[in-house]
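According to numbering that gives the first Met the number 0, the sequence shown holds residues 0 to 181 in order.
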Amino acid sequence: MKLTDADNAADGIFFPALEQNMMGAVLINENDEVMFFNPAAEKLWGYKREEVIGNNIDMLIPRDLRPAHPEYIRHNREGGKARVEGMSRELQLEKKDGSKIWTRFALSKVSAEGKVYYLALVRDASVEMAQKEQTRQLIIAVDHLDRPVIVLDPERHIVQCNRAFTEMFGYCISEASGMQPD
0 MKLTDADNAA
10 DGIFFPALEQ
20 NMMGAVLINE
30 NDEVMFFNPA
40 AEKLWGYKRE
50 EVIGNNIDML
60 IPRDLRPAHP
70 EYIRHNREGG
80 KARVEGMSRE
90 LQLEKKDGSK
100 IWTRFALSKV
110 SAEGKVYYLA
120 LVRDASVEMA
130 QKEQTRQLII
140 AVDHLDRPVI
150 VLDPERHIVQ
160 CNRAFTEMFG
170 YCISEASGMQ
180 PD
């Protein structure tokens, strides 16, 4: 298959690939209007496609972020770099009913036909964020135990230790990290 044939074939499946993607896909045009909103995005936000297409992207932005959002986009369109562009980030999404869920999203700037578009791919990260919070709380609890505690990786290197360990053995956490207990 020649490269041009592959490009033509890819063009033909691009729309169905986004439409059927398990991640929410939102594409906005140069006027910040939503021009694509797939079924996974409908499920995440709770809006039907018909309610979103043609409307300003701000309707999908959490209320607390809306005031700064237009300036943020304008700055980016004029050549500035978005803090989230080209990377994945956690963000609380505000659904149509006002409830919030944690998501992970990736934002890409797309230049086509002499115009600048933005594509956001979004997925539910509620379970991950709950696990992170549980881990954070567990680390705090272990750190406050009065007995020394260390956590080892599979190769038996110290990856975490609590305050009692550092006080008893005289190592700071960065010094203990990577050591192998005898």
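Don't be surprised by glycine CBs; every beta carbon is placed ideally from N, CA and C.
- Around the C-beta of Ala111, fewer than 16 other C-beta atoms lie within 10 Å, and the residue is accordingly described as exposed.
- When rounded, the separation of the alpha-carbon atoms in Leu90 and Asp181 is 43 Å.
- Cβ contact annotation for Ile60 (same chain, cutoff 6 Å, sequence separation greater than five): His68, in chain order.
- Taking Asn37 as the centre and dropping the five residues before and after it, the same chain places the C-beta of Leu17, Glu18, Asn20, Gly23, Ala24 closer than 7 Å to its C-beta, in chain order.
- By the criterion of a C-beta distance shorter than 7 Å, Val141 is surrounded in its chain by Val148, Asn161, once the five residues flanking it on both sides are discounted.
- Going by beta carbons, Trp44 and Lys95 fall inside the 8 Å limit.
- Between Asp57 and the set Val150, Ile138, Glu93, Thr102, the nearest pair of CA atoms involves Glu93.
- Looking only at Met128, Ile72, Pro15, the smallest Cα-Cα distance to Asn30 is reached by Ile72.
- When DSSP states are grouped into helix, strand and coil, Arg48 belongs to the helix group.
- Val148 is not bridged by DSSP to any residue.
- Here Glu18 carries a helix assignment [DSSP, helix/strand/coil].
- In this structure, Asn28 is the residue among Asn28, Asp10, Glu70 with its C-alpha nearest to the C-alpha of Tyr117.
- Counting along the chain, the unbroken beta strand (DSSP E) around Arg103 starts and ends at 99–111.
- Counting along the chain, the unbroken alpha helix (DSSP H) around Ile172 starts and ends at 172–175.
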